[in-house]
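In my numbering, the protein residues as written are 11 to 149.
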């Protein structure tokens, strides 16, 4: 399974919103600038996330987007499934030999388990740790 740009950008949007959880709504422009991404493409992606009930838009001068639920309640799997569809490493495994079929099922299940067990909160925390390590000086 290959995660497309849509899935990667969708995770980027959701991580930015999770980091800002409880703060003012974020605009697409601010998310695009921070990640050096295309604003119009992010608009298309956030529309899918909004239709799936993961984010909501706030109108007005201080408007933008916010998460609908707490970051610890939203999994990477939810986001990827909304943007990419079902998680399948190989198309048409029904026609494979049993040994190959078993392998692809195990691969699919491993990917699903990782995505299902990773929350937005986990992703924001791991990103914070990585940023801290960048500035760690060793003697």
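Note that the Cβ used here is the ideal one computed from N, Cα and C, for glycine as well.
Residues of its chain near residue i, where Cβ-Cβ distance is below 8 angstroms and the 5 sequence neighbours each way are ignored
i: residue 64; result: 24, 77, 78, 79, 84, 88, 89, 92
i: residue 73; result: 35, 37, 67
i: residue 31; result: 76, 77, 80, 81
i: residue 97; result: 11, 87, 90, 91, 118, 121, 122, 125
i: residue 104; result: 111
i: residue 53; result: 38
i: residue 57; result: none
Alpha helix (DSSP H) segment containing residue i, residue limits
i: residue 47; result: Segment: none, residue 47 is in no alpha helix (DSSP H) and carries neither H nor E.
i: residue 22; result: 15–29
Residue from the options with nearest C-alpha to residue i
i: residue 71; options: 105, 134, 36; result: 36
i: residue 20; options: 127, 48, 136, 110; result: 48
i: residue 42; options: 57, 60, 22; result: 22
i: residue 16; options: 46, 51, 44, 39; result: 51
Cβ neighbours of residue i in the same chain (closer than 6 angstroms, five flanking residues each side left out)
i: residue 29; result: 134
i: residue 131; result: 81, 82
i: residue 95; result: none
i: residue 62; result: 92
Own chain, CB closer than 7 angstroms to residue i, minus 5 neighbours either side, in chain order
i: residue 27; result: 36, 65, 75, 76, 77
i: residue 139; result: Interpretation of residue 139 is limited by its pLDDT of 49, a score under 50 that renders its predicted location unreliable; the figure taken from the coordinates is listed afterwards. Nothing listed; no residue qualifies.
i: residue 164; result: The question about residue 164 has no answer here: the residues shown for the chain are numbered 11 through 149.
i: residue 100; result: 114
Supposed contact pair residue j and residue i - C-beta distance, whole angstroms, cut 8 angstroms
i: residue 107; j: residue 114; result: The Cβ separation is near 11 angstroms, so there is no contact.
Enumerate, from N- to C-terminal direction, the unbroken alpha helix (DSSP H) stretches of 4 or more residues contained entirely within the region 53–122.
86–94
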